[in-house]
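In what follows, a structure is listed as structure tokens, so that the remarks can point back to it.
There are 2 protein chains.
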Amino acid sequence: MAIIVDKEQKRTDIACACKEILLEYGIKNLTISHIAKTAGIGKGTVYEYFENKEDIVFEIITVFISEYEQRLLEVLKKDISTKEKIFYFLYIGFEDEESKRQLTLYREFLAITMTSGTEEMVAFNIECRNKFALLITDIFKDGMQRGDICEGLEHLTSALLAFKLGLIVETQTANLDTQREITNFLSLFYTLIEKKDT
Amino acid sequence: MAIIVDKEQKRTDIACACKEILLEYGIKNLTISHIAKTAGIGKGTVYEYFENKEDIVFEIITVFISEYEQRLLEVLKKDISTKEKIFYFLYIGFEDEESKRQLTLYREFLAITMTSGTEEMVAFNIECRNKFALLITDIFKDGMQRGDICEGLEHLTSALLAFKLGLIVETQTANLDTQREITNFLSLFYTLIEKKDT
DNA sequence: CATAATTGACCGATAGTCAGTCAAAAGGAT
DNA sequence: ATCCTTTTGACTGACTATCGGTCAATTATG
């Protein structure tokens, strides 16, 4: 038998090879030829590993999200207050320039999923959502155990996720000052959920 | 001098003439030729009134948002509870099939703004955001005056807007059950903001 | 030599352009 | 007022450049 390449691995490799130009130009301003040349492969080969041009964004976002999750886990396992945990949960992804560049590509991915999303993309989004929902639920549960916040807040998990996604979108579409929005929100929100008795 | 047409009006007219096919196919699956034919004008004429293909979506969304605002105002001036007002604020836009169709096109508009938004689009989004922020602030203020809810909630306005936007996106990208999310959220959220003493 | 992998010339679709047409209005001469 | 000329802006669709995606041919591998 001839050589068998690890399709999944090569898919990732190609996407990663194009990471820089993807971040710089975005998928809309890139041609398949440019992508192929950057990855050092022929144009036709691209289609061995990707369904179409947009699919490349999907792959690189997969990588980004996984890195993002690691960073988040890293921060959340620190010994910080419940309030700070919620803050970081909301703020990570907006904190430095590199994250902001990645967000731009993530927005392109959202745009693709919204307008021509495949089953796989939706499945991936649901999976991510569940993963991050678990994280925030843990923050809440931990906060309740510590006696920092009220009972029953697990049910706000989903809303916090939607809130963060909304921020990601609005930061771009309506020029929102993200950090300001988050601190504003949190300062009031936390007084609402804080356990009042001593 | 030759005939002078009201450019702004004609822009709206063309977009409205294409309303149905826009809702049915979305801008991605429409060609300029198809659009021009539907509007009963030449292909070149389209570019007299629109910057590019996507600009047509911008125009029709302008119309939709204005209708949406009217509907919302209509509902909010009814004599209903603060909780119901917040519910409708969140829920309108998801309520019937026609609204859902319009939402699909709105998502395309969001996608466009996120990936290749113009100054005008961002300005429009900010303006809309401010308008709707005012509405929700009024709901809160009214609720506070009635003694239904705690003081200081105006500062949550912005967060509610982001939350709703997040829902709009996630409904599509992660197959979310919107109504469920809203009622879930509201049942807990409202107990948090409700005025406790009698 | 069989099979997997790669390739880039090629194709079809289409967004956007532009040189030219047309009709309405303005102006001027009578 | 009427006719004719000129001007102007709206409108048009054939045309072009671009580019995503395909596939027959080629190369590499074991």
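Sequence lines, in order, name chains A and B. Reminder that position 32 of the first sequence reads as 32 in this note's numbering, one-by-one numbering, no gaps. Reminder that position 165 of the second sequence reads as 1165 in this note's numbering, one-by-one numbering, no gaps. All C-beta atoms in this analysis are idealised placements derived from N, C-alpha and C, irrespective of residue type, glycine included. All of these numbers come straight from a predicted model, not from anything done at the bench.
Next on the checklist: If you follow the alpha helix (DSSP H) that A/Gly44 is in, where does it begin and where does it stop?
Outcome noted: A/Gly44 -> alpha helix (DSSP H) spans 43-49.
Checklist entry - Helix, strand or coil for B/Glu1151 per DSSP? => result coil
Checklist entry - In whole angstroms, what separates the C-alpha of A/Glu108 from that of A/Thr38? => result 20 Å
Next on the checklist: Please report whether the beta-carbon of B/Leu1165 lies at a distance below 8 Å from any beta-carbon of chain A.
Outcome noted: yes
Item to check | Where A/Glu194 falls: helix, strand or coil (DSSP) | outcome: strand
Item to check | Terminal residues of the alpha helix (DSSP H) in which B/Ile1004 lies | outcome: No alpha helix (DSSP H) contains B/Ile1004, which DSSP labels as neither H nor E.
Checklist entry - Can you tell which of B/Gln1172, B/Ile1027, B/Tyr1068, B/Leu1156 has its C-alpha closest to the C-alpha of A/Thr191? => result B/Leu1156
Checklist entry - Distance, Cα to Cα, A/Arg123 vs A/Leu105? => result First, the amino acid is wrong: residue 123 of chain A is Ala here, not Arg. Each residue's Cα considered, the two are about 19 Å apart.
Next on the checklist: Using a 10 Å radius around the Cβ and a threshold of 16 neighbouring Cβ atoms, would you call A/Gly143 buried or exposed?
Outcome noted: buried
Item to check | Same chain only: Cβ atoms within 7 Å of B/Gly1093, ignoring 5 sequence neighbours per side | outcome: The answer, listed in chain order, is Tyr1068, Ser1099, Leu1103.
Next on the checklist: Is there a C-beta anywhere in chain B that falls below 8 Å from the one on A/Gln172?
Outcome noted: Closer than 8 Å: yes.
Item to check | Proximity winner among B/Ser1081, B/Glu1151, B/Leu1161, relative to A/Thr171 (alpha-carbon distances) | outcome: B/Leu1161
Next on the checklist: Using a 10 Å radius around the Cβ and a threshold of 16 neighbouring Cβ atoms, would you call A/Met1 buried or exposed?
Outcome noted: Model confidence at A/Met1 stands at a pLDDT of 41, short of 50, so the residue's coordinates are unreliable; what they give is reported in the following sentence. Residue burial annotation: A/Met1 is exposed, with fewer than 16 other C-beta atoms found within 10 angstroms of its C-beta.
Item to check | Under 8 Å by beta carbon: chain B residues contacting A/Gly44 | outcome: Residues of chain B passing the Cβ test: none, with the nearest at roughly 25 Å.
Checklist entry - If you count every other CB in all the chains shown that lies within 10 Å of the CB of B/Thr1183, and 16 or more means buried, which is it? => result Residue environment for B/Thr1183: exposed (fewer than 16 other C-beta atoms within 10 angstroms of its C-beta).
Item to check | A/Thr113 at chain B interface by Cβ criterion, 8 Å | outcome: So, interface residue.
Checklist entry - Going by the CB atoms, is the gap between A/Ala15 and A/Ile60 shorter than 8 Å? => result yes
Checklist entry - Three or more C-beta pairs closer than 8 Å, one from the segment 24-34 of chain A and one from the segment 79-89 of chain A: is that the case here? => result no
Next on the checklist: Checking 8 Å against the spacing of the C-beta atoms, do A/Val169 and B/Leu1165 come in under that value?
Outcome noted: yes
Item to check | Contact set between A/Leu110 and chain B, taken where Cβ atoms lie within less than 8 Å | outcome: Ala1111, Met1114, Val1169, Thr1173
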